[in-house]
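Asker:
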Amino acid sequence: MIIVTNRNLQEQESPDKKFGENFNENGPTELRVAEANKIDGQWQVEIFPDQLSYQGTEMPASEVIFLREQEQMKVKKQNCLFYVHGFNTSFKDALDIGYSLETNYNVKVLLFTWPSNGSESRRILDRTRGILSYKSDKREAAESIGGLDRCFDVLRIYLDKYRDLACNQSFNLACHSMGNYLLEQLVRSDLYSNETIFFDNIGLLAADVNNQGHEEWVDRLAYRKRLYVTINEDDFALAASRAKFGEQQLARLGHWIRNLTAEKPFYIDLTDQVGTSHSYFNDESLQQAPIRKVFDNMFNGLRAERDLVFNSSLGVYQVP
1321 MIIVTNRNLQ EQESPDKKFG ENFNENGPTE LRVAEANKID GQWQVEIFPD
1371 QLSYQGTEMP ASEVIFLREQ EQMKVKKQNC LFYVHGFNTS FKDALDIGYS
1421 LETNYNVKVL LFTWPSNGSE SRRILDRTRG ILSYKSDKRE AAESIGGLDR
1471 CFDVLRIYLD KYRDLACNQS FNLACHSMGN YLLEQLVRSD LYSNETIFFD
1521 NIGLLAADVN NQGHEEWVDR LAYRKRLYVT INEDDFALAA SRAKFGEQQL
1571 ARLGHWIRNL TAEKPFYIDL TDQVGTSHSY FNDESLQQAP IRKVFDNMFN
1621 GLRAERDLVF NSSLGVYQVP
């Protein structure tokens, strides 16, 4: 998988700790690009320099990687999934999630990983520490919008520059949990100018953002085909998130079946299908063929609502 990150580089650490829990030393908008491969159960991470040679010409490393990966996706007949993780995710956790996505859906994952609090020393041990860690991650997510915006901008430039080389490849975006808060802060900011227009599908998965007012930013999202919001009323993580700050933390978009008022998205209700899962797109919930099909279609630029039943009273699609 390809990694884009604003985390700090830890050159002397093992591959799965190569990037840490803080921002790049030059600030949260500074990005590094790397490639991760899992060989014999062990991670190998190659960090790219600023420039690489391509067919005898020095070019930005990101451009060379784009061209190389585009060609490989053609050969393998793969689509690309741009994935933004959520709260309490270490670099190793992010790698493991990306690997699982590639394995489950046969996509090339472009992983945007930001410095959320994932280390053992900062895990949630009690309610007080959990609140502090959660608030810290929200600040770091908000500070990462410049980096995410830069990444979208660069991808958009390359896709336009090399559009004649494209061969029925689909680019899709999935944001999980607090990754949706990062996206929300970007869309609500002055930085956003429809940079996401090159994505075919956008999936807002188990979104750890307020349901109230979500239409103000969700309907601003630009995309080519479809926008999805997934909901599980029994999501254990979002239930805990809702309780963290009392009235300051409103009902979460990813576990609230009411007030689904945005005009653009397809709302998909998976309650009663995935238990209390928070990562139902990438865990044992995929043992159910209808659940796997929803996300396989979503992540490959197809119609995720296909074969689902529309509940007009709630305004959601549900698994029959």
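In short: position in the sequence shown from 1, add 1320, done, that's my numbering. No residue lacks a Cβ here, since even glycine has one placed at the ideal position from N, Cα and C. In this text the structure is predicted, and so the values were computed from the model without any measurement.
Indicate whether GLY1467 and LEU1351 have their beta-carbon atoms separated by less than 8 Å.
Answerer: Stepping through the sequence shown from its first residue, residue 1467 is reached at position 147. Stepping through the sequence shown from its first residue, residue 1351 is reached at position 31. Contact flag set, yes.
Asker: CB-CB under 7 Å to LYS1358, same chain, minus the five flanking residues each way: which ones, in chain order?
Answerer: Here the question's residue 1358 lines up with position 38 in the sequence shown. Cβ neighbours of LYS1358 beyond the five flanking positions: TYR1419.
Asker: DSSP puts GLN1638 in a beta bridge; with which residues?
Answerer: Along the sequence shown, one-based indexing puts residue 1638 at 318. Residue pairing of GLN1638 in beta bridges, as defined by DSSP: ASP1589 and VAL1629.
Asker: Where SER1334 and PRO1640 are concerned, what is the direct C-alpha to C-alpha distance, given to the nearest angstrom?
Answerer: Numbered from 1 along the sequence shown, position 14 holds the residue referred to as residue 1334. Numbered from 1 along the sequence shown, position 320 holds the residue referred to as residue 1640. Their backbone Cα atoms lie some 46 Å apart in a straight line.
Asker: Among LEU1387, ALA1582 and PHE1402, whose alpha-carbon lies nearest the alpha-carbon of TYR1482?
Answerer: Counting from one through the sequence shown, the residue named residue 1482 turns up at place 162. The candidate whose alpha carbon is nearest that of TYR1482 is LEU1387.
Asker: Assuming LYS1412 is part of the beta strand (DSSP E), what are its boundary residues?
Answerer: Translated into the one-based positions of the sequence shown, residue 1412 becomes position 92. Looking at the DSSP string, LYS1412 is not in any beta strand (DSSP E); the run it does join, the alpha helix (DSSP H), is 1411–1425.
Asker: Hey, how far is the Cα of GLU1440 from the Cα of THR1516?
Answerer: The residue given as residue 1440 occupies position 120 in the sequence shown. The residue given as residue 1516 occupies position 196 in the sequence shown. Because the pLDDT at GLU1440 is just 38, under 50, the model does not fix this residue reliably, and the value given afterwards should be weighed accordingly. Between the alpha carbons of GLU1440 and THR1516 lies a distance of about 34 Å.
Asker: Counting only runs that start and end within the segment 1480–1565, where is the alpha helix (DSSP H) found for 4 or more residues in a row?
Answerer: 1499–1508, 1535–1538 and 1556–1563
Asker: If you pair each beta-carbon of the segment 1568–1586 with each one of the segment 1515–1532, do three or more pairs fall below 8 Å?
Answerer: Output reads yes: the segment 1515–1532 touches the segment 1568–1586.
Asker: Three Cβ pairs or more, each shorter than 8 Å: is that satisfied between the segment 1406–1415 and the segment 1423–1437?
Answerer: yes
Asker: Quick one: Cα of SER1633 to Cα of VAL1549, how far?
Answerer: Against the sequence shown, residue 1633 aligns to sequence position 313. Against the sequence shown, residue 1549 aligns to sequence position 229. Whole-angstrom Cα-Cα distance: 17 Å.
Asker: If we count the other Cβ atoms within 10 Å of its Cβ and call it buried at 16 or more, is PHE1630 buried or exposed?
Answerer: The residue you call residue 1630 lines up with position 310 of the sequence shown. With fewer than 16 Cβ atoms within 10 Å of its Cβ, PHE1630 is classed as exposed.
Asker: Rank TYR1600, THR1349 and ASN1602 by C-alpha distance to the C-alpha of ARG1470 and give the top, closest one.
Answerer: Sequence index remark: in the sequence shown, residue 1470 carries index 150 (1-based). Relative to ARG1470, the option among TYR1600, THR1349 and ASN1602 whose CA is nearest is THR1349.
Asker: On the three-pair Cβ rule with 8 Å, is the segment 1557–1564 touching the segment 1579–1594?
Answerer: no
Asker: I need the straight-line Cα distance from ASN1399 to LEU1415, nearest angstrom please.
Answerer: For the purposes of this step, residue 1399 is taken as residue 79 along the sequence shown, with counting starting at 1. For the purposes of this step, residue 1415 is taken as residue 95 along the sequence shown, with counting starting at 1. In a straight line, the C-alpha of ASN1399 is about 19 Å away from that of LEU1415.
Asker: Considering just the uninterrupted stretch of the alpha helix (DSSP H) at PHE1615, what are its terminal residues?
Answerer: Taking the sequence shown and counting its residues from 1, the one referred to as residue 1615 is at position 295. Per DSSP, PHE1615 belongs to the alpha helix (DSSP H) from 1609–1619.
Asker: Going by DSSP in three states, GLN1569 sits in which element: helix, strand or coil?
Answerer: Along the sequence shown, one-based indexing puts residue 1569 at 249. GLN1569 falls in the coil class under three-state DSSP.
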